[in-house]
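To start, the structure under review is shown below, and the notes come after it.
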Amino acid sequence: MTESLQSESKRGVPLWAQLLIWAGLLGLLALVALGLAKAKTPILTNGSAVPEFTLPLYEGYEYGGAADVTLAALRGKVVVLNFWASWCKPCESEAADLEAAWRIYQPGGEVVFLGVDYVDTEPEARSYLAKFDITYPNGPDMGTRISQIFNRNLGVPETYVIDRQGILRYVKIGPFASVEEIQAVVESVLAGE
Amino acid sequence: MREKTPQRILFLAFLFLAMSGLFLSARPSAVVLAQQPTPSDDEVNAIAHQLFCPVCENTPLDVCDTEACRQWRDLIRQMLAEGRTEAEIKQYFADNYGVRVLSEPPVEGFNWLAYVVPPVAFLLGAYLLFRAFRTWQRLAKEPATADSPQVPPAAADDQYAARFEEELKKRE
């Protein structure tokens with residue numbers, strides 16, 4: 022009887038169908054594994070080359086008169102990339118310090134501060150920028166494309182400092198405590214440490 | 077035909093002016109009527125339910141209490157008041173915040189798998205079960221063949237049972 026059942030099951034599903042089912046299952050498993058591997062390494066690490074991105078800028082917060090800025094255009098300068106949002110309370114604690122640091126480095130032209138507004142609405146974002154008298158270039162993270170480059174599980178505030186060659190040199194998760202802390206980081210990247 | 081007296085002409089002129097005045101005074105209210113009324117919470121939530129909170133994971137926008145969600149719901153209300161359609165609003169959110177905020181991912185790229193794999197797996201499973209049931213049914217109906225394992229006749233069972241009983245009685 023067992024042999025009979027075995028022969029029936031062998032006749033039941035053709036070999037090509039069995040192969041197709043197994044191939045499909047393996048394909049799905051490969052996709053899941055790929056997703057898990059990506060989720061395991063969500064954050065760009067120090068020393069990595071930062072992939073190219075374009076940040077559209079809010080009106081009144083342009084860079085050199087342009088409505089958007091690319092990372093490639095900033096090669097040769099140290100970039101302080103700060104992710105923030107108007108609904109983020111910890112962002113408020115560092116907003117004034119970031120602006121103060123920007124005013125220190127702006128005349129030299131060696132350092133550029135960029136504010137990336139993360140999943141925010143424009144009216145509230147503008148109120149926030151006005152409230153803290155922020156003047157450095159700022160724009161929305163359209164489609165969360167920029168935050169996805171740096172940290173797939175981004176929380177705000179987060180700050181990434183990129184050196185003159187486009188290499189990530191410093192990551193700050195959470196707010197800066199003072200202008201001095203920001204300056205210390207920028208100076209070390211400027212010095213190439 | 078009656079002759080048009082000055083009083084009658086005056087009356088007609090007054091009537092014309094009155095009607096014109098009524099028409100002109102009615103225009104602003106017509107403009108007001110053409111505007112969208114303030115959308116209700118239900119109208120806003122009907123769209124918010126199809127979007128996910130940008131900050132907290134797996135929380136629909138309509139039941140989320142964060143500041144970010146409140147801002148988004150205000151934005152939906154504002155866009156509805158401007159006369160934007162549901163599809164336009166959802167597209168705006170997808171463009172600005174990424175497709176991950178949509179409760180139903182758009183049918184493109186790898187997202188196809190989410191729509192295709194479950195029904196295909198279900199149909200395949202149903203087909204395999206159908207085949208298996210049919211096979212079992214056929215096996216149950218088929219008469220025993222020479223290859224089938226032989227079942228001992230009932231008489232043989234009786235012989236063994238009788239002997240077993242006998243041995244038990246001897247031991248008692």
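Chains as they are written, first to last, in our numbering: chain A, 22 to 214; chain P, 77 to 248.
No residue lacks a Cβ here, since even glycine has one placed at the ideal position from N, Cα and C.
Check this for me: beta carbons of residue 175(P) and residue 169(P), under 7 Å apart or not? Walking along the second sequence from the start, residue 175(P) turns up at place 99. Walking along the second sequence from the start, residue 169(P) turns up at place 93. Not closer than 7 Å, so no.
Pick from 119(A), 84(A), 130(A) and 86(A) that is closest to residue 178(A), judged by C-alpha positions: Counting from 1 along the first sequence, the entry for residue 178(A) is found at position 157. Comparing alpha carbon positions, the residue from 119(A), 84(A), 130(A) and 86(A) closest to residue 178(A) is 119(A).
Residue 115(A) CB to nearest chain P CB: under 7 Å? As a first step, residue 115(A) must be located in the first sequence, where it is residue number 94. No, residue 115(A) does not count as interfacial toward chain P.
Start-end ranges of the alpha helix (DSSP H) lying completely within the segment 116 to 197 of chain A, minimum 4 residues: Within the segment 116 to 197 of chain A, the complete alpha helix (DSSP H) runs of at least 4 residues are 143 to 152 and 166 to 171.
I need the DSSP call for residue 134(P), collapsed to helix, strand or coil. Your numbering for residue 134(P) matches position 58 in the second sequence. Look at residue 134(P) here: in three-state DSSP terms it is coil, with no helix or strand label.
Determine, using beta carbons only, whether residue 15(A) comes closer than 7 Å to chain P. Examination of residue 15(A) is not possible in this model, given that chain A is present from 22 through 214 alone.
Rounded straight-line distance, which links the Cα of residue 163(A) to that of residue 213(A): Working through the first sequence from its first residue, we reach residue 213(A) at position 192. Working through the first sequence from its first residue, we reach residue 163(A) at position 142. If I take the Cα positions, the gap works out to 31 Å.
So, are the CB atoms of residue 129(A) and residue 103(A) less than 7 Å apart? The residue given as residue 129(A) occupies position 108 in the first sequence. The residue given as residue 103(A) occupies position 82 in the first sequence. No. Outside cutoff.
In whole angstroms, what is the alpha-carbon distance linking residue 23(A) and residue 239(P)? Position 2 of the first sequence holds residue 23(A). Position 163 of the second sequence holds residue 239(P). Low confidence applies here, because residue 23(A) scores a pLDDT of 49, under 50, leaving its location unreliable; read the following figure in that light. Their backbone Cα atoms lie some 32 Å apart in a straight line.
In angstroms, rounded to a whole number, what distance separates the CA positions of residue 164(P) and residue 154(P)? Within the second sequence, numbered from 1, the residue matching residue 164(P) stands at position 88. Within the second sequence, numbered from 1, the residue matching residue 154(P) stands at position 78. Rounded to whole angstroms, the gap between the alpha carbons of residue 164(P) and residue 154(P) is 13 Å.
Ignoring anything shorter than 3 residues or poking outside the segment 30 to 106 of chain A, list the beta strand (DSSP E) runs there in chain order. Here the runs fully enclosed are 75 to 77, 89 to 91 and 99 to 105.
Does the distance from the CB of residue 200(A) to the CB of residue 116(A) come in under 7 Å? Within the first sequence, residue 200(A) is the residue found at index 179, counting from 1. Within the first sequence, residue 116(A) is the residue found at index 95, counting from 1. The answer is no: Cβ separation not under 7 Å.
Cβ-Cβ separation, residue 147(P) to residue 180(A) (assumed contact under 8 Å), whole Å: Numbered from its first residue, the first sequence carries residue 180(A) at position 159. Numbered from its first residue, the second sequence carries residue 147(P) at position 71. In this structure residue 180(A) is not in contact with residue 147(P), their Cβ atoms being roughly 23 Å apart against a cut-off of 8 Å.
Per DSSP, residue 128(P) is paired with what? Numbered from its first residue, the second sequence carries residue 128(P) at position 52. Residue 128(P) pairs with 136(P).
Of all the CB atoms in chain A, is at least one closer than 7 Å to the CB of residue 173(P)? Locating residue 173(P) in the second sequence gives position 97, counting from the first residue. For residue 173(P), the nearest beta carbon of chain A is closer than 7 Å to its own beta carbon.
Beta-carbon proximity of residue 162(P) to residue 123(P), cut-off 7 Å: Translated into the one-based positions of the second sequence, residue 162(P) becomes position 86. Translated into the one-based positions of the second sequence, residue 123(P) becomes position 47. Contact check for residue 162(P) against residue 123(P) passes: the beta carbons are separated by less than 7 Å.
Can you tell me the Cβ-Cβ gap for residue 83(A) and residue 196(A), rounded? I've got them flagged as a contact below 8 Å. As a position in the first sequence, residue 83(A) is number 62, starting the count at 1. As a position in the first sequence, residue 196(A) is number 175, starting the count at 1. Residue 83(A) to residue 196(A), Cβ: 26 Å. No contact.
Taking only beta-carbon atoms, is residue 147(P) less than 7 Å away from chain A? Translated into the one-based positions of the second sequence, residue 147(P) becomes position 71. Residue 147(P) counts as touching chain A.
Does any residue of chain A bring its CB to less than 7 Å from the CB of residue 163(P)? Within the second sequence, numbered from 1, the residue matching residue 163(P) stands at position 87. No, no contact with chain A.
Among residues of its own chain, excluding the 5 on either side of residue 181(P), which ones have a beta-carbon nearer than 8 Å to its beta-carbon? In the second sequence, residue 181(P) corresponds to position 105, counting from 1. Within the same chain, residue 181(P) has close Cβ partners 175, 187 and 190.
For residue 143(P), would you say it is in contact with chain A, using Cβ-to-Cβ distances shorter than 7 Å as the test? In the second sequence, counting from the first residue as 1, residue 143(P) sits at position 67. Yes, its Cβ sits closer than 7 Å to a Cβ of chain A.
Among 132(P), 151(P) and 150(P), nearest to residue 142(P) - alpha-carbon criterion: Indexing the second sequence from 1 puts residue 142(P) at position 66. The shortest C-alpha separation from residue 142(P) is found at 132(P).
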